[in-house]
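J.:
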Amino acid sequence: MNSSFDEYISNLNSNRNNFPSELFEFAANTERYELNHPKSLHDAWVTSITIAENRNKVRPFEPSLSISLNLLGQQHDRDIFLNYLKVKSYELIGTENPFNYGDTFHGDVLTHEVSITGNGFQHIIELRSGSTFKVTFADFNCVEKIYT
Numbered sequence: 072m073n074s075s076f077d078e079y080i081s082n083l084n085s086n087r088n089n090f091p092s093e094l095f096e097f098a099a100n101t102e103r104y105e106l107n108h109p110k111s112l113h114d115a116w117v118t119s120i121t122i123a124e125n126r127n128k129v130r131p132f133e134p135s136l137s138i139s140l141n142l143l144g145q146q147h148d149r150d151i152f153l154n155y156l157k158v159k160s161y162e163l164i165g166t167e168n169p170f171n172y173g174d175t176f177h178g179d180v181l182t183h184e185v186s187i188t189g190n191g192f193q194h195i196i197e198l199r200s201g202s203t204f205k206v207t208f209a210d211f212n213c214v215e216k217i218y219t
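Position 72 (the sequence shown) corresponds to 143 in our numbering; numbering is contiguous.
1. Suppose the cutoff is 7 Å on Cβ atoms and the five residues either side in sequence are ignored; what does the same chain contact list for residue 167 look like?
2. Measure the beta-carbon distance from residue 202 to residue 164 and round it to whole angstroms, keeping in mind my assumption that it falls under 8 Å.
3. Whose C-beta lies closer than 6 Å to the C-beta of residue 210 among residues of the same chain, with five residues either side of it excluded?
4. For residue 190 and residue 153, what's the separation of their Cα atoms in angstroms?
5. Give every residue of the same chain whose Cβ lies closer than 7 Å to the Cβ of residue 218, excluding the five residues on either side of it in the sequence, and list them in chain order.
6. In the DSSP output, which residue or residues are listed as bridge partners for residue 151?
7. Which two residues bound the contiguous alpha helix (DSSP H) that contains residue 112?
8. For residue 102, which residues from the same chain have a beta carbon less than 7 Å from its beta carbon, with the 5 sequence-adjacent residues on both sides left out?
9. With a CB to CB cut of under 8 Å and the five nearest residues on each side skipped, what residues in its chain are close to residue 95?
10. Evaluate residue 85 with the Cβ neighbour count: other Cβ atoms within 10 Å of its Cβ, from every protein chain shown; 16 or more gives buried, anything less gives exposed.
11. Would you kindly report the start and end of the unbroken beta strand (DSSP E) that includes residue 181?
12. My guess is that residue 180 and residue 198 are in contact by the Cβ rule of under 8 Å, so how many angstroms apart are they, rounded?
13. Output the distance between the C-alpha atoms of residue 131 and residue 215, rounded to the nearest integer angstrom.
14. Compute the distance between the beta-carbons of residue 104 and residue 194, then report whether it is under 9 Å.
15. Just to check my reading of the structure: residue 133 and residue 127 have Cβ atoms closer than 8 Å, yes? What is that Cβ distance to the nearest angstrom?
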């Protein structure tokens, strides 16, 4: 680990009480950043991104936005579903993977970082192609489906 990663984890730990427990457990879990760990986002591939405007049939003019990002784990033994709820904003810049388009459009995940923002929490994911996914949200969960 380099010093900037150590500072990142230290910052997360010092702000632990400001994070919902599931988000903190995800963000501070160093296995999610390791180069060769099945739970790591590093080298995972994007398989789908779903953006949903969730509408209550009784109050259809008060939708809540959610985004689900599905990643194929780096060891191809699991799907990692990142679910962002009560989304405040998002930005997706998709760029063809110049190294191997036939392998994956976006390329694999290089790095990701979770932080606190003025109106919630933010997760930024940078991919090998130069693609970037940035989402600001109020609630989060991560689900893994392991194939054995």
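Backbone N, C-alpha and C define an ideal beta-carbon position, used for all residues, glycine too.
T.: Taking the coordinates as given:
1. So the qualifying residues of the chain are 176, 200.
2. Between the beta-carbon of residue 202 and that of residue 164 there is about 6 Å, and that keeps the pair under the 8 Å contact cut.
3. Excluding five sequence positions before and after residue 210, the CB atoms of its chain that fall closer than 6 Å to its own CB belong to 156, 157, given in chain order.
4. So the alpha carbons of these two residues sit roughly 19 Å apart.
5. If the five residues before and after residue 218 are omitted, its C-beta is found closer than 7 Å to the C-beta atoms of 148, 149, all from its own chain and listed in chain order.
6. Looking at the DSSP output, residue 151 shares a beta bridge with 142, 215.
7. Counting along the chain, residue 112 falls outside any alpha helix (DSSP H), and DSSP gives it neither H nor E.
8. Contacts found: 108, 110, 111.
9. Taken in chain order, the residues that qualify are 83, 87.
10. The residue in question, residue 85, is exposed, as its Cβ has fewer than 16 Cβ neighbours within 10 Å.
11. Its beta strand (DSSP E) spans residues 180-188.
12. Contact flag correct, Cβ pair sits at about 6 Å.
13. Computed Cα separation, rounded: 31 Å.
14. Judged by beta-carbon spacing, residue 194 lies beyond the 9 Å limit of residue 104, meaning their Cβ atoms are not closer than that value.
15. Residue 133 to residue 127, Cβ: 7 Å. Contact.
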